[in-house]
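What follows is a short report on a single structure.
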Amino acid sequence: MRRKRVREGVEGLIPYPPGKPIEELEREMGIRGSIKLASNENPLGTSPLAVQAIKDHLVRLNRYPDGSGYYLKSKLSEKYHLPLDRIILGNGSNELIELTVRTFLSEGEHAIQGFPTFLVYEKMVTAAGGRMTSVPLSDSRMDLKGILNAIRPETRVIFINNPNNPTGSAIGREEMLQFLKEVSEDIVVALDEAYIEFVTEEGVADGVELLDAHPSLFVLRTFSKLYGLAGLRIGYGFGQAWMIDYMNRVRQPFNANSLAQAAATAALDDDRFVSETLETVRDGLAYLYRGLEEIGLEYLPTQTNFFLIKVPAGGKKLYESMLRQGVIIRAMDSYGLPEYIRVCVGLPEENRRFIETLKRVL
Ligand SMILES: Cc1ncc(COP(=O)(O)O)c(C=O)c1O
């Protein structure tokens, strides 16, 4: 058979394993009333202000989006006290991860991440013909010293997820500052803060405050989690103006669609939805922790809206049993953690159903 020709690195890629959609599970199993606690989504739904903005914008879909994202970037600029030329929008922060790689890393060059972490960094680096070094977490935390030791002359990008998916652990301000000082100025540090708004611990590093601590720091954030806009695909990033300028040259002209821009602009004003979300997550975590303690299962306390639970009998088996009961969680084999499952906080009744199903299934 003729060899199929693809870019170097593509042959070895595996498609990203997303959380199973509820509709798919119900179709396959012929069941109803399932719940999904697998993709770290907002259990409350979508910011009502965002929903209204989407409705208002629906009749204008004949027009291309504002390619400069002026209104949303202006709102972000006000909120974070940064000029417009230091802000970029993305089709989800996933696109900004890809843009980081496509802008700063050439074929054969090198990137570093702590592992386990979000699977998309390695996928993007490999797809672009780069090489990723994964530095194992130390006691479930990013090993920043280990990452510094892994730097080579051809290292171009370091990915740091803070707090980290899937461990939920967060790096402190001082530790991050020290790390940034030691990374050479020409290496891009991509600091992915998809879950930063959920942090409750004091003293956790905030990328926006650290932006001037490293001349090639790029901070990525998203509207998918706190604002409940995962389905629309909208993320944003902050960096030095020179970095944003190069990324703007690489990105597609209309990468952030107009509904997403309108929704995100409105969502930034939705203080009520934000505080309800944070409260739901805080109370939900407390409930889930208590339930697991009663069952006697170990878990990793988290700074996010999801966390890892240790299941010595195997996460995949438990995942499948829970699935048959209509409860979708995440097996962690693809993260190299076969003894764990990852669960995100749901509504109170969903959390109760999770704990009760878990008791039954175990
Ligand atoms: C660590 C991390 N970064 C980025 C993303 C991507 O988010 P977005 O929906 O903005 O593409 C996720 C989504 O699960 C994530 O867990």
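The C-terminal position of the sequence shown is numbered 347 in the numbering used here, with every residue numbered one higher than the one before it.
Glycine included, each C-beta is placed from N, C-alpha and C at the ideal position.
Residues near residue i in its chain [Cβ-Cβ closer than 6 Å; skip 5 each side]
i    : result
G269 : V330 and N336
E352 : Absent from the model: residue 352. The displayed extent of the chain is -14 to 347, so no value can be given.
F164 : L129
E139 : E94 and H95
K58  : L69 and I72
R405 : A query on residue 405 cannot be resolved here, the shown segment of the chain reaching from -14 to 347 and no further.
E92  : G114
Cα-Cα separation between residue i and residue j, rounded to whole angstroms
i     : j      : result
G224  : V173   : 10 Å
K301  : E182   : 30 Å
A198  : G99    : 21 Å
I314  : I7     : 11 Å
M317  : L104   : 11 Å
R160  : E9     : Sequence inspection shows Glu at residue 160; the Arg mentioned does not correspond to that position. Computed Cα separation, rounded: 43 Å.
A155  : G188   : 10 Å
V296  : G276   : 15 Å
E63   : M232   : 22 Å
A23   : D230   : 36 Å
L(-2) : K108   : 7 Å
I82   : R(-10) : 25 Å
S125  : T152   : 6 Å
L122  : E170   : 24 Å
I334  : F291   : Here residue 334 turns out to be Glu, not Ile, going by the sequence shown. If you take the alpha carbons of E334 and F291, they lie about 16 Å apart.
S306  : P286   : 24 Å
D41   : R218   : 18 Å
L308  : F203   : 38 Å
P323  : Y55    : 45 Å
G52   : G321   : 39 Å
M228  : V168   : 17 Å
P2    : V235   : 27 Å
E(-4) : R267   : 42 Å
R158  : R(-8)  : 40 Å
Same chain, Cβ closer than 8 Å to residue i, five either side skipped, listed in chain order
i     : result
R280  : Before going further, note that residue 280 is Ile rather than Arg in the sequence given. The residues are I340, L343, K344 and L347.
K166  : A198 and H199
Q310  : T342, R345 and V346
N147  : M127, A155, I156, M161, L176, D177, E178, I181, V189, A190 and G192
G(-6) : T111, A112, A113, G114 and G115
E67   : The identity of residue 67 in the sequence shown is Leu, whereas the question assumes Glu. Here the set comprises L61, V193, L196 and F223.
S19   : I7, L10, E11, G311, V312 and I313
S78   : D177, A179, L205, R206, T207, S209, G220, Y221 and G222
L34   : A251, A252, D254, D255 and F258
Q37   : A251
N150  : N25, T102, F103, A179, Y180, T289 and F291
Contacts around residue i, its chain only, beta-carbon distance under 7 Å, and the 5 residues preceding and following it disregarded
i    : result
Y274 : Y284
E261 : L29
I326 : I294, V296, G300, L303, Y304, I314, R315, A316 and M317
G4   : K21, A23, S24, I313 and R315
V348 : What the structure shows of the chain is the stretch from -14 to 347, and residue 348 is not part of that stretch, so it cannot be assessed.
A271 : none
F239 : Y49, P50 and G52
I16  : G311
I39  : L244, A247 and A248
Any C-beta of chain B under 8 Å from that of residue i
i    : result
Q246 : Absent here is chain B; the protein component of the structure consists of one chain.
Count the CB pairs spanning the stretch 64 to 75 and the stretch 203 to 223 that are closer than 8 Å, and state whether there are at least three.
Touching, yes.
Are the stretch 200 to 214 and the stretch 22 to 30 touching by the rule of at least three beta carbon pairs closer than 8 Å?
Cβ pair count under 8 Å is three or more, so yes.
Quick one: which unbroken alpha helix (DSSP H) runs of 4-plus residues sit fully inside the stretch 19 to 51? Chain order, please.
Taking only runs of at least 4 residues, the alpha helix (DSSP H) segments lying wholly in the stretch 19 to 51 are 33 to 42.
Three or more C-beta pairs below 8 Å linking the stretch 117 to 136 and the stretch 252 to 260:
Not touching, per the Cβ criterion.
Taking a cut-off of 5 Å, which residues have a beta-carbon closer than that to any heavy atom of ligand 1, in chain order?
Here the residues come out as G77, S78, N79, F103, N146, N150, D177, A179, T207, S209 and G220.
If we count Cβ pairs, one from each stretch, closer than 8 Å, do we get three or more for the stretch 229 to 243 versus the stretch 46 to 59?
With the cut-off at 8 Å, the stretch 229 to 243 and the stretch 46 to 59 touch.
Give, in chain order, every unbroken run of the beta strand (DSSP E) that is at least 3 residues long and sits entirely within the stretch 105 to 163.
Fully enclosed beta strand (DSSP E) runs of 3 or longer: 116 to 121 and 140 to 146.
Quick check on the DSSP output: what are the complete alpha helix (DSSP H) runs of length 4 or more inside the stretch 253 to 318, in order along the chain?
256 to 280 and 300 to 309, all fully within the stretch 253 to 318.
At least three beta-carbon pairs within less than 8 Å, the stretch 130 to 138 to the stretch 77 to 88:
Segments in contact, no.
Run through the stretch 58 to 103 for me and flag every whole beta strand (DSSP E) of 3 or more residues, listed as ranges in chain order.
Counting only runs of 3 or more, we get 72 to 75 and 95 to 100.
Tell me the start and end of each unbroken beta strand (DSSP E) in the stretch 150 to 232 that is at least 3 residues and wholly inside, in chain order.
Within the stretch 150 to 232, the complete beta strand (DSSP E) runs of at least 3 residues are 173 to 177, 202 to 207 and 220 to 223.
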